[in-house]
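Reading through the structure tokens given below for one structure.
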Amino acid sequence: MSPKTRDADKRKAPLADTAPIFAALGDETRLGLVAHLATGDTFSIAQLTENTFVTRQAVTRHLEVLAQAGLVRGTRRGREHLWQFEPARLALAQRSLEQISSWWDEKLAALKEKVETEPDTK
5 MSPKTRDADK RKAPLADTAP IFAALGDETR LGLVAHLATG DTFSIAQLTE
55 NTFVTRQAVT RHLEVLAQAG LVRGTRRGRE HLWQFEPARL ALAQRSLEQI
105 SSWWDEKLAA LKEKVETEPD TK
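Be aware that the sequence shown starts at 5, since it is given in our numbering, and climbs by one per residue.
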């Protein structure tokens, strides 16, 4: 295996774990739900649909997608289903973005060094 292939494999490993998170956050409604739930409280479906044009059924489907990605957790209390934010998964996504940023910084620094040390051919 070439060094480039090993580098690519190292980059893909953590990203594979975070792809479902980014996919779930790629919808404006789901992103809004995460922002709402990130206030730290636990909310019912009725509370989450208050003052919105989104139906309870639609919010439930969006929350299920977020739950599959590990971003929210639902619990039953009597007849109500209560939802809360799970910050650990979002922190994982943040670390992945920081890792990508670091890789780019390294590549750009290497390119800058190469350009600055190449002899002028004019």
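Where a beta carbon is used, it is the ideal one built from N, C-alpha and C, also for glycine.
Bear in mind the structure is a predicted one, so any value in this text is a computation, not a measurement.
Quick one: complete alpha helix (DSSP H) runs, 4+ long, within the region 9–81? As far as the region 9–81 is concerned, its whole alpha helix (DSSP H) runs of at least 4 residues are 32–41, 49–53, 60–72.
Which residues does DSSP pair with L86 in a beta bridge? When DSSP reads this structure, L86 sits in a beta bridge with S48, T79.
When you compare the CB positions of V63 and L70, do they come within less than 8 Å of one another, or not? Not closer than 8 Å, so no.
Count the C-beta pairs between the region 38–54 and the region 102–117 that are closer than 8 Å, then say yes if the count reaches three, no if not. Short answer: they don't touch.
With a 10 Å radius around its C-beta and 16 neighbouring C-beta atoms as the bar for buried, classify L37 as buried or exposed. Buried, by the Cβ-count rule.
Using only CA atoms, which one of E54, A28, S105 lies nearest to H66? The residue among E54, A28, S105 with its C-alpha nearest the C-alpha of H66 is A28.
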